[in-house]
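Enquirer:
4 protein chains.
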Amino acid sequence: MKQLNIGIVGAGRIGNVHAQSITYHIPQAKVLRVTDVKVEAAKALAEKYGIPAWSADYMDIINDPEIDAVLVCSPTPTHADIAIAAMQAGKHVFCEKPVDLTIEKILKTQQVAEETGRKLQIGFNRRFDHNHGKVQRLAREGKLGNIELIKITSRDPEPPSPEYAASSGGLYIDMMIHDFDMAMFLAGCDVTEVYAMGTSLVDKRIGEAGDVDTAIVTLTFENGALGVIDNSRRAAYGYDQRVEAFGSLGMAAGENDGDSTVRLSTAEGVLSDKPQFFFLERYMASFIEEMRQFIDAVQNDTEVPVGIHAGLMSVVLAKAAKKSLDEHRPVKISEIL
Amino acid sequence: MKQLNIGIVGAGRIGNVHAQSITYHIPQAKVLRVTDVKVEAAKALAEKYGIPAWSADYMDIINDPEIDAVLVCSPTPTHADIAIAAMQAGKHVFCEKPVDLTIEKILKTQQVAEETGRKLQIGFNRRFDHNHGKVQRLAREGKLGNIELIKITSRDPEPPSPEYAASSGGLYIDMMIHDFDMAMFLAGCDVTEVYAMGTSLVDKRIGEAGDVDTAIVTLTFENGALGVIDNSRRAAYGYDQRVEAFGSLGMAAGENDGDSTVRLSTAEGVLSDKPQFFFLERYMASFIEEMRQFIDAVQNDTEVPVGIHAGLMSVVLAKAAKKSLDEHRPVKISEIL
Amino acid sequence: MKQLNIGIVGAGRIGNVHAQSITYHIPQAKVLRVTDVKVEAAKALAEKYGIPAWSADYMDIINDPEIDAVLVCSPTPTHADIAIAAMQAGKHVFCEKPVDLTIEKILKTQQVAEETGRKLQIGFNRRFDHNHGKVQRLAREGKLGNIELIKITSRDPEPPSPEYAASSGGLYIDMMIHDFDMAMFLAGCDVTEVYAMGTSLVDKRIGEAGDVDTAIVTLTFENGALGVIDNSRRAAYGYDQRVEAFGSLGMAAGENDGDSTVRLSTAEGVLSDKPQFFFLERYMASFIEEMRQFIDAVQNDTEVPVGIHAGLMSVVLAKAAKKSLDEHRPVKISEIL
Amino acid sequence: MKQLNIGIVGAGRIGNVHAQSITYHIPQAKVLRVTDVKVEAAKALAEKYGIPAWSADYMDIINDPEIDAVLVCSPTPTHADIAIAAMQAGKHVFCEKPVDLTIEKILKTQQVAEETGRKLQIGFNRRFDHNHGKVQRLAREGKLGNIELIKITSRDPEPPSPEYAASSGGLYIDMMIHDFDMAMFLAGCDVTEVYAMGTSLVDKRIGEAGDVDTAIVTLTFENGALGVIDNSRRAAYGYDQRVEAFGSLGMAAGENDGDSTVRLSTAEGVLSDKPQFFFLERYMASFIEEMRQFIDAVQNDTEVPVGIHAGLMSVVLAKAAKKSLDEHRPVKISEIL
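These protein sequences, in sequence, are chains A, B, C and D.
For the first sequence, our numbering gives the first residue as 1, with consecutive numbering after it.
For the second sequence, our numbering gives the first residue as 1001, with consecutive numbering after it.
For the third sequence, our numbering gives the first residue as 2001, with consecutive numbering after it.
For the fourth sequence, our numbering gives the first residue as 3001, with consecutive numbering after it.
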């Protein structure tokens, strides 16, 4: 099979993750160029992974006829424009989430993907997690019967700075977006209504900046099932990532991963490992797997595992949640989209 | 210490539970009489536990000067009247939940308790559970820091008949009332607002009878914490009873109890015990403990561990939840009480 | 069914346990008399459980025509003589372990049981434990295929005094005797050879007294399976009681019981409960169950669940282990019996 | 830091594992050549990992002045000769286990390592496992107090062919050698005596070929602690790899790793993942880590983490175990070495 040539736009943390996945785990692909407006970041990433070219302008990737696919890892406001330009130049696109903060641009991106027939995968890596993915497979295989309840807990180990919280678009779109996607992934259908609670208990400066750091959002799914997500920006014991699906035949639920299975039993009690610290530790295998599946889909011309609909609905739910919080009432998805 | 003499009103399932607890586990108390409008049920219970007297009329207990305390285990609509009559006759009262389906009668019961100075304990046995009780103790001891999130899962193994569901007052007051009390017990304060979702996924006849069998209710606590309860009338794997308290310093969470800790590892996987089947198996020790503490409180003239405020607030929350479901909006507790 | 009348010889710890089981959990039996050479101990036990008679001389039980069955809970050297006298007087016998420290007396006891046709049950309560018993049932039901390996861990929370260790007959007969019986119970057959290691690491005075406090004994079973038992007189984290059976189709293994299933997750890690402290907490349900089954066997004239063969073989194995340790070589059971 | 150039002798399964580790996980090293007497295997491995040169003769590696270190992954009987030749040519050596089947050659290899001052690391990868390694660290940090008992369970998912068993040198040297090393690693000292039991329960043809497939070996350590290892060539539920260290202050014990933490609760029970299938899945991270530490030790001129003493003692214990089995008695290490 012909090697797939890749360009990476954005040399930040997630750009590094994907460069590492491709370099060390996906022999059938090769990164030819990385770009970043901070050109020294592009250079550092390129040197770290032996990528032959780097520059500041993402058009260097889009104009390169050798490059087959583009990974859009730049700041959110630039995602849609770059993805659209890349697809219009004939390239397949892997786009980080959220696709955009506006519904309009996401729909435009969707339209270009349909017109050009290019692959467009959205970076919801948690779908590829060994735990969450297994819960979903058990649900899809019918082991749980009809799905009736979905529960997701997602708590970060440490809060961001209040400045970050203020500029991030808020918890629902910055953090819970992953959980919105996971909820629909597990339920196997879209959400029709949300009710959002949110408050600032972790760092009052986050509240002063207009955001929440502790939140519970309930969901109604198209198939009649109910769901609930809880988020906190700070868990003293580490990154808490658990999902549960409950149906007429039973329940599938995952526990956190620790660094080991060892238990230390002493006069104080039985001590086990905390959850792995944060997403780079916890989800590294899922980042590799989403990239592997993206490259497979391009090379074999099959459907991408996470399409633009997921990118759209997750943002729609985040907006509905924010509206629900602001107006203190349940909000139907049809009010947003 | 002088033996405490007890009368039991109501020879149904819970009357039997308390008779058994006192007979076999609390040597310092003795049941002198049991009454039930179905006198043969009273007789059967009396014979089973060696109780010397039985009859149909609960006034036989209230008028018996030998009896120090009355356990009110009759149908809900009679709870308040019997409790009030007993206290006015100078007896201490242990009253099953819900105290009454009306706020007015609960407040009246509260008033009589205050006027007579009699002990009045409400039967929220789950507070005495080894798992839930430990979560609460860790919270009260400060091990979790400031409480920020409370999560409760409570699912019955099998649904009741649609007839029962229709006559029970509905899931929120019949089933979730335990969880409302547990939530406030764990948070250490009252709830100020609820938002209720509910649907009928387990047995559509329950829905046709005007009730729900699958529900999620979110809570806002006085201290600013958030909470969520999920209920189902049917869990294929048994009685699912888990609570979780999350705070600034960490989380305490209980798992279900199985009949053994044995794991069977075969080519099919690693198989563990299901949760214990239902409340008689799962909560028997808590029934004994609540009765022991009631008798201790009477004998030592100390405060009962679960007072009438708990009885009141649990019903208030159930009513607020029903109103929230009906009006499809969050409901403040101040709208009810 | 006619009530079974019982006499208890020995008002020590285990006599109390059985009195409690019968009084509170087995309505079809009643303790009529307890005796102890320390008559005040007999009196205290009798008063605690409402037993109508007590005295110093066990012949008061044996000569009482009202008494159907005798529980032999006196010091080990008196077990066999009392059991024999009781059976010869027509009474059924429940005898604590070890039956005797000599093979001869155990064989004599066996002979009297056969001659008189009286029930004779030996007090290996751990067979009735919810965890160990489940492992055995899975083995007997064929879920594990052919049994190939048996592993038993048994560690006490705190060491006995060196004086006790010296007078107890040593670890193999005082402590590991339970594990020898459990091993044969799980394997479903007798042992043919043992190899014993033992040392004094916990308290060197135990070693100076001629005993060991840390031991590993390997076993060869009649069916060709292999086994291993490890014992320690002190586990800092509590009473460690785990068994594992491994066969051609899989493994069944039990974990310790804690007082709750709650896990406390903090920055220090995830803390669970220690094993329950000691045998009164851990094995109380099994003491009740062995007594219930003894009384059932007497009342229904069925076979007792733990016969004298178990009493014999456990002592034989203990003697073989001691010989193995002394002679530093594997010892065949045929050298002992 | 200068890149470390590596030659791999032997293109079998373990040669592939190390080539993969270096290529994908250790940027500071590079494999320059792989050799195998089956040259097509060398070629296949080279092409798979982009290794520039391959050939049949390991002298091509030893004579290549560009190569700094040699990985000896050839059949056991050739290990010592190749390791010696490589060290004498000035190269550092990573040698798979067992170093040799004779004590003499291992001692000779040790002598050459000392004379040449070259690094010589032995391939006991399990020391680098996240679970076993953590147990050892807790022991070394003093969290367990004085070590008193070591327990190791090691069971393969499927038996080898009887032919393999016959030619492998037998279970003790082929399979239990890892556990002998692990035992001494956990105890922190050497073993002074072993007693071996072994039988053929899995496949009688293994017994007919003169080997055992089910074994228990007990150990006495220099520090007075006791130990036990159990092995089976077949576990229906997968690769069972558990270690436990017990001391005066407590116990550290690891559980198996499954592919996920998900539990499926249904009417049949609660089903968890089996242990990961076999050593490539279970121990891949440890293979990477041992190689990383070898390369670090060479580049920084520090001590290798697993020296020749471990290679020697593991073979000595295997020989002692075989002698113990044959002579049916405990065997002192001083009888072997």
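Even glycine gets a Cβ: it sits at the ideal position worked out from N, Cα and C.
How would you list, in chain order, the residues of chain B whose beta-carbon sits under 7 Å from the beta-carbon of residue 2131 of chain C?
Expert: Correct list: 1260, 1261 and 1262.
Enquirer: Out of B:1235, B:1212, B:1218 and B:1219, which one is the CA nearest neighbour of residue 224 of chain A?
Expert: When each option's Cα is compared against that of residue 224 of chain A, the closest is B:1212.
Enquirer: Compute the distance between the beta-carbons of residue 1218 of chain B and residue 216 of chain A, then report whether it is under 7 Å.
Expert: Cβ distance < 7 Å, so residue 1218 of chain B and residue 216 of chain A count as in contact.
Enquirer: Hey, is residue 91 of chain A's beta-carbon within less than 7 Å of any beta-carbon in chain D?
Expert: Not one chain D Cβ lies under 7 Å of residue 91 of chain A.
Enquirer: Is the stretch 178-188 of chain A close to the stretch 155-164 of chain A, with three or more CB pairs under 8 Å?
Expert: Segments in contact, no.
Enquirer: Would DSSP call residue 2336 of chain C helix, strand or coil?
Expert: Of the three classes helix, strand and coil, the one that applies to residue 2336 of chain C here is coil, per DSSP.
Enquirer: Expressed to the nearest angstrom, what Euclidean distance is found between the alpha-carbon atoms of residue 121 of chain A and residue 1271 of chain B?
Expert: Their Cα atoms are separated by approximately 38 Å.
Enquirer: Give the residues of chain D in contact with residue 2199 of chain C, contact being defined as C-beta atoms less than 7 Å apart.
Expert: Per Cβ cutoff of 7 Å: 3224 and 3226.
Enquirer: Buried or exposed: where does residue 267 of chain A fall if 16 or more other Cβ atoms within 10 Å of its Cβ makes it buried?
Expert: Flag for residue 267 of chain A reads exposed.
Enquirer: Pop quiz: residue 286 of chain A and residue 126 of chain A are said to be a contact at Cβ under 8 Å. What is the actual Cβ separation, rounded to whole angstroms?
Expert: That pair is a contact at about 6 Å.
Enquirer: Beta-carbon separation of residue 1247 of chain B and residue 1147 of chain B under 7 Å?
Expert: Cβ distance < 7 Å, so residue 1247 of chain B and residue 1147 of chain B count as in contact.
Enquirer: Please decide whether residue 3047 of chain D counts as near chain A, where near means a Cβ-Cβ distance under 7 Å.
Expert: With 7 Å as the cut-off, residue 3047 of chain D does not count as an interface residue toward chain A.
Enquirer: Quick one: list the residues of chain A neighbouring residue 3143 of chain D, beta-carbon separation under 8 Å, in chain order.
Expert: Ordered by position in chain A, the residues that pass the 8 Å Cβ test against residue 3143 of chain D are 264 and 266.
Enquirer: Pick helix, strand or coil for residue 2199 of chain C, following the three-state DSSP scheme.
Expert: Here residue 2199 of chain C sits in strand by DSSP.
Enquirer: Between which two residues does the beta strand (DSSP E) carrying residue 2168 of chain C extend?
Expert: From DSSP, residue 2168 of chain C is part of no beta strand (DSSP E); its letter is neither H nor E.
Enquirer: Using a Cβ-Cβ cut-off of less than 7 Å, give me the residues of the stretch 1172-1186 of chain B that come near chain D, in sequence order.
Expert: Taking 7 Å as the Cβ-Cβ cut-off against chain D, none of the residues of the stretch 1172-1186 of chain B qualify.
Enquirer: Check for me: the beta strand (DSSP E) holding residue 2241 of chain C runs from which residue to which?
Expert: Counting along the chain, the beta strand (DSSP E) containing residue 2241 of chain C begins and ends at 2240-2247.
Enquirer: Are residue 1123 of chain B and residue 1096 of chain B touching if we call contact CB-CB under 7 Å?
Expert: Yes, these two residues count as a Cβ contact at 7 Å.
Enquirer: When burial is assigned at 16 or more other CB atoms within 10 Å of the CB, is residue 2088 of chain C buried or exposed?
Expert: Label assigned to residue 2088 of chain C: exposed.
Enquirer: Who are residue 251 of chain A's beta bridge partners in DSSP?
Expert: Bridge partners of residue 251 of chain A: A:246 and D:3265.
Enquirer: Nearest-angstrom Cα distance between residue 1310 of chain B and residue 16 of chain A?
Expert: The straight-line gap from Cα to Cα measures roughly 55 Å.
Enquirer: Label residue 2137 of chain C either buried or exposed according to how many other C-beta atoms from any shown protein chain fall within 10 Å of its C-beta, with 16 as the threshold for buried.
Expert: Exposed is the call here.
Enquirer: Are the stretch 299-318 of chain A and the stretch 1299-1310 of chain B touching, with three or more C-beta to C-beta distances below 8 Å?
Expert: No, they do not touch.
Enquirer: For residue 2191 of chain C versus residue 2234 of chain C, is the C-beta spacing smaller than 7 Å?
Expert: No, the Cβ-Cβ distance between residue 2191 of chain C and residue 2234 of chain C is not below 7 Å.
Enquirer: DSSP state of residue 2292 of chain C, grouped into three classes?
Expert: DSSP places residue 2292 of chain C in helix when its eight states are reduced to three.
Enquirer: Could you tell me the alpha carbon to alpha carbon distance between residue 80 of chain A and residue 3252 of chain D, rounded to whole angstroms?
Expert: Roughly 52 Å separates the two Cα atoms.
Enquirer: Between D:3041, D:3265, D:3241 and D:3260, which has its C-alpha nearest residue 3254 of chain D's C-alpha?
Expert: Considering only alpha carbons, the answer is D:3241.
Enquirer: Cα separation between residue 174 of chain A and residue 163 of chain A?
Expert: The alpha-carbon atoms of residue 174 of chain A and residue 163 of chain A are separated by roughly 13 Å.
Enquirer: For a test of the three-state rule: what should DSSP assign to residue 3315 of chain D, helix, strand or coil?
Expert: DSSP places residue 3315 of chain D in helix when its eight states are reduced to three.
Enquirer: Looking only at its own chain, which residues have a Cβ that is under 8 Å from the Cβ of residue 1002 of chain B, when we skip the five neighbours before and after it?
Expert: Excluding positions up to five away in sequence, the list reads 1299.
Enquirer: Check residue 3275 of chain D in the structure and name its three-state DSSP category.
Expert: Of the three classes helix, strand and coil, the one that applies to residue 3275 of chain D here is strand, per DSSP.
Enquirer: When the distance is taken between beta carbons, is residue 1239 of chain B closer than 7 Å to residue 1278 of chain B?
Expert: Yes, the pair counts as a contact, with Cβ atoms nearer than the cut-off.
Enquirer: Going along chain B, which residues have a C-beta under 7 Å from residue 214 of chain A?
Expert: The answer, in chain order, is 1148, 1149 and 1226.
Enquirer: Classify residue 2169 of chain C: buried if its beta carbon has 16 or more other beta carbons within 10 angstroms, exposed otherwise.
Expert: Buried, since its Cβ has 16 or more Cβ neighbours within 10 Å.
Enquirer: Under 7 Å between beta-carbons, which chain B residues line up against residue 2249 of chain C? List them in chain order, please.
Expert: Those are 1266, listed as they occur along chain B.
Enquirer: Under 7 Å between the Cβ atoms of residue 3031 of chain D and residue 3014 of chain D?
Expert: No, the pair does not count as a contact, with Cβ atoms beyond the cut-off.
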